[in-house]
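Following: one structure in structure tokens, then a few remarks.
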Amino acid sequence: TGEQKDLSEKEQPHILEDLGDGLNYLKNNLQVRNAIIQQIILFSIFAALAVLAVRLAEIIPGMEAEEFGFLLAAAGIGMAMGAGIVGQLGHWLSHFQLSLIGSIGMATSLVGLSIFNQQLWVSMGLIGLLGMFGAIVGVPMQTTVQAETPEEMRGKVFGLQNNAVNIALSLPLALAGVAETFLGLSTVLLGLAGVAILAGVFFSFFSMPSMKNG
């Protein structure tokens with residue numbers, strides 16, 4: 598127990614020092630910082646959708662609330678397709694262009710879902726598209742983080758990234774259901790669409806001078 602306490606006391610300053618180094622690196626690297634922020638926003642949107650999927654399954658004719666897993670599966674299939682598309686288009690388009698296309702596609706899919714959320718196959722298709730465009734945002738952003746971070750800084754930056762994502766996920770998980778109760782499903786979906794397009798346009802154009810194809 599004495600040894601464990603000593604180890605714990607030694608590890609804590611080491612972890613805080615790594616986080617500080619990671620923050621200092623991001624402060625001076627616009628490209629990596631913006632890529633991580635876009636990933637945090639992306640994961641937050643999908644965390645909210647994981648909560649809203651139960652409500653979607655309730656209102657879609659022919660589905661039960663407990664069958665919301667089919668909606669999440671459609672998003673997963675879309676993500677796999679999106680990753681494949683990035684592999685094909687990544688040679689022709691820069692990371693910021695892919696991210697912008699993905700953000701516009703996500704926003705369009707969310708707007709469509711806010712309108713056609715009571716039609717089974719249309720909803721499934723839109724959720725699949727949402728997953729696909731989400732991957733078109735997420736994959737290039739993660740590639741940017743990996744490619745632009747020096748090897749000696751990767752552990753610190755990735756640790757900071759994981760902590761930031763985990764903290765960011767807790768908010769939409771807590772608020773999505775409450776927002777849906779008070780504002781309605783369609784309004785919340787439109788709000789998520791607005792977040793997707795604003796973040797995509799802002800961070801993509803803000804990174805344009807430095808965001809290059811890896």
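Plus 597 on top of the position in the sequence shown (first one is 1) and you've got my numbering. Using N, Cα and C, we set each Cβ at its ideal position, and we do this for glycine too.
Can you tell me whether residue i is helix, strand or coil according to DSSP?
i: ILE657; result: coil
i: TRP689; result: coil
i: GLY673; result: helix
i: PRO769; result: helix
i: GLY702; result: helix
i: ASN625; result: coil
i: PHE803; result: helix
i: PHE667; result: helix
i: ASN714; result: coil
i: GLY781; result: coil
i: PRO747; result: coil
Please classify residue i as buried or exposed, where buried requires at least 16 other C-beta atoms within 10 Å of its C-beta.
i: GLY811; result: Residue confidence for GLY811 is low, a pLDDT of 42 falling below 50, so the modelled location carries little weight; the figure read from the coordinates is stated next. Looking at its Cβ environment, which holds fewer than 16 other Cβ atoms inside 10 Å, GLY811 is exposed.
i: SER813; result: The shown model of the chain, from 598 to 811, leaves out residue 813, and the question about it has no answer.
i: THR567; result: The structure shown has nothing for residue 567, since the chain only spans 598 to 811.
i: ASN714; result: buried
i: GLY617; result: exposed
i: GLY725; result: buried
i: ILE712; result: exposed
Please state whether the Cβ-Cβ distance between residue i and residue j is less than 8 angstroms.
i: ILE638; j: ALA796; result: yes
i: ILE682; j: ILE733; result: yes
i: LEU695; j: SER706; result: no
i: ALA672; j: ALA790; result: no
i: MET750; j: TYR622; result: yes
i: MET676; j: GLY731; result: yes
i: ILE633; j: VAL742; result: yes
i: SER783; j: PHE693; result: no
i: LEU717; j: ILE656; result: no
i: VAL648; j: ALA773; result: yes
i: VAL762; j: SER700; result: no
Within 8 angstroms of any Cβ in chain C, is that where the Cβ of residue i sits?
i: ALA645; result: Absent from the structure is chain C; it holds one protein chain and no more.
What is the C-beta distance between residue i and residue j, in whole angstroms, given that I count them as a contact (C-beta under 8 angstroms)?
i: ALA644; j: LEU669; result: So it is not a contact: roughly 12 angstroms between Cβ atoms.
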